[in-house]
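Notes follow once the structure below has been shown.
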Amino acid sequence: MTMESRATLVAFGSLKRASGVTITYRRAATSGTFVAVPGDTLVDTENDEGQTVRTKVRDYLVLRTDFESLIGAGLRPHRGDEIDETVADYARTFKVIELAGNESRWWDKSGQVLRVHAVETQKTSTTTAGA
0 MTMESRATLV AFGSLKRASG VTITYRRAAT SGTFVAVPGD TLVDTENDEG
50 QTVRTKVRDY LVLRTDFESL IGAGLRPHRG DEIDETVADY ARTFKVIELA
100 GNESRWWDKS GQVLRVHAVE TQKTSTTTAG A
C-alpha cells in the first residue's frame, strides 16, 4: 500500500467517525449495512424549454473494501441499486443514478473511496402520529 493510500484511509476514517451514517446498500437480493459519509452535489441540467434546472443529488462516500465485501471484488455501483438511510425521523430510500456518465467516481486518486450518486425515491416517517 502506498503512502497516499494510507493517508487517504486515515483521513477517511476520521471523516467517517465525525460525519458517517449507517446505510443499507441493496442490489437485487443482496444487501448489507455499513457506514458511509453523506453529502450533496448540485447539478445543472437543461429542460425541454432550454431552461437551466438545478437539482440536488445525494452522494455517499463509501470505502471501496466495504462496498466490495458486499457486492464483490472489482465491482462498482450500478444504476438502480438502492440505499436506505434514516434522516431526522424519516426512513429514506435513494436510488443510484448515472451522473456525467458514471454511477460513481473515485473520491481519491488512490482508489480507496467511492463517491456514489443517488436521488431520493421514497421518504416515510418513522414516528407514530400523536406520540
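Just so we're aligned: 9 in numbering that gives the first Met the number 0 is position 10 of the sequence shown, and the numbers increase by one with no gaps anywhere. Glycine included, each C-beta is placed from N, C-alpha and C at the ideal position. Model, not experiment: these values are computed from the prediction.
- Three or more Cβ pairs drawn from the stretch 99-116 and the stretch 56-68 lie within less than 8 Å of each other, which places the two stretches in contact.
- Straight-line measurement puts the Cα of THR40 at about 26 Å from the Cα of SER68.
- When Cβ pairs closer than 8 Å are counted between the two stretches, the stretch 34-48 is seen not to touch the stretch 69-81, the count staying below three.
- One alpha carbon belongs to ALA28, the other to ALA99, and they sit about 28 Å apart.
- A direct Cα-Cα distance of roughly 29 Å separates THR23 from GLU3.
- Per DSSP, reduced to three states, the secondary structure at THR21 is strand.
- Burial check for ALA35: the Cβ neighbour count within 10 Å reaches 16 or more, so the residue is buried.
- DSSP lists no beta-bridge partner residue for PRO76.
- Comparing C-alpha distances from TRP106 to each of VAL20, THR126 and PHE11 shows the shortest one belongs to PHE11.
- Between ASP88 and THR126 a beta carbon distance of about 5 Å is seen, short of the 8 Å cut, so the two are scored as contacting.
- In the same chain as ARG63, and ignoring 5 residues on each side of it, the C-beta atoms closer than 8 Å to its own belong to GLY110, GLN111, VAL112 and LEU113, in chain order.
- Spatial neighbours of THR123 in its own chain (CB-CB distance under 6 Å, excluding positions within 5 residues in sequence) are listed in chain order as ALA90.
- THR92 sits close to THR120, with the two beta carbons spaced by under 8 Å.
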